[in-house]
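A.B. asks: Numbering (the working numbering), first residue to last: 106 to 199.
Beta carbons are placed, not taken as given, at the ideal position from N, Cα and C, and that holds for glycine.
As the structure is a computational prediction, the values presented were derived from the model and not from experiment.
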């Protein structure tokens with residue numbers, strides 16, 4: 106498990122992969138709504154063979170144009186990689 110101090114993250118699927126496993130990314134940002142502000146991520150986590158991403162106990166937004174997920178108002182986020190599965194847990198400001 107890795108813990109990151111980030112205000113928001115964008116989770117998305119990259120092109121490629123096969124029927125069961127796809128590459129994905131998690132971009133970490135210092136501000137909210139990075140898809141609106143054009144902010145550059147301070148870190149990008151890349152994963153090549155992912156089957157499923159679990160998001161536990163966090164409010165998320167689904168961006169239809171890009172098929173990405175945005176999680177805002179974070180204090181921190183935990184990224185847990187277990188084989189082809191990734192779990193995201195964290196603390197959000199209320």
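Go through its chain and collect everything with a Cβ distance to residue 136's Cβ below 8 Å, but skip five positions before and after it.
C.D. replies: The residue you call residue 136 lines up with position 31 of the chain shown. So the qualifying residues of the chain are 112, 113, 142 and 144.
A.B. asks: Mapping the DSSP letters down to three states, classify residue 170 as helix, strand or coil.
C.D. replies: For the purposes of this step, residue 170 is identified with residue 65 of the chain shown, where counting begins at 1. It is coil, neither helix nor strand.
A.B. asks: Beta-carbon within less than 6 Å of residue 128's beta-carbon, same chain only, minus the 5 sequence neighbours each way: which residues are those?
C.D. replies: Looking up residue 128 in the chain shown gives position 23. Around residue 128: 119, 121, 122 and 153.
A.B. asks: Could you pull out every residue in the same chain whose Cβ sits closer than 8 Å to the Cβ of residue 146, ignoring the five residues on either side in sequence?
C.D. replies: As a position in the chain shown, residue 146 is number 41, starting the count at 1. Same-chain partners within the cutoff: 115, 132, 133, 134 and 139.
A.B. asks: Just the C-alpha distance for residue 125 and residue 151, rounded to the nearest angstrom, thanks.
C.D. replies: For the purposes of this step, residue 125 is taken as residue 20 along the chain shown, with counting starting at 1. For the purposes of this step, residue 151 is taken as residue 46 along the chain shown, with counting starting at 1. Their backbone Cα atoms lie some 17 Å apart in a straight line.
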